[in-house]
Amino acid sequence: RAGIADLDRVYTRDDMVRGDVIFAATGVTDGSLLVGVKRSPGWLEAETVLMRSRTGSVRRMRYRCRSTET
């Protein structure tokens with residue numbers, strides 16, 4: 011139960027977290043929120059989402075980096 015009092019209740023963000031929170035996630039495999047890491051010759055590509063509760067901002071980043079894999 012991990013400290014959850016009512017397993018049938020739908021908890022809101024404010025129920026779970028108080029104050030300014032920053033959430034960041036990077037896709038490893040494809041999912042409904044993020045694209046997973048993609049490989050192409052000499053490159054890796056990934057996608058990250060950043061969310062901040064105080065400002066309500068949501069930022070998405072896609073980035074490429076060189077890969078030493080062959």
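Residues in the sequence shown are numbered from 11 upward in steps of one, following the working numbering. For every residue, glycine included, the Cβ atom is placed at its ideal position computed from N, Cα and C.
Beta-bridge analysis with DSSP links Ile32 to Arg62. Segment contact: the region 34-53 against the region 64-80, three or more CB-CB distances shorter than 8 Å; contact assigned. Remark: C-beta atoms of Val20 and Ser63 do not approach each other more closely than 8 Å. For Ser67 and Met61, the gap between their C-alpha atoms comes out near 6 Å.
Beta-bridge pairing by DSSP links Met26 to no other residue.
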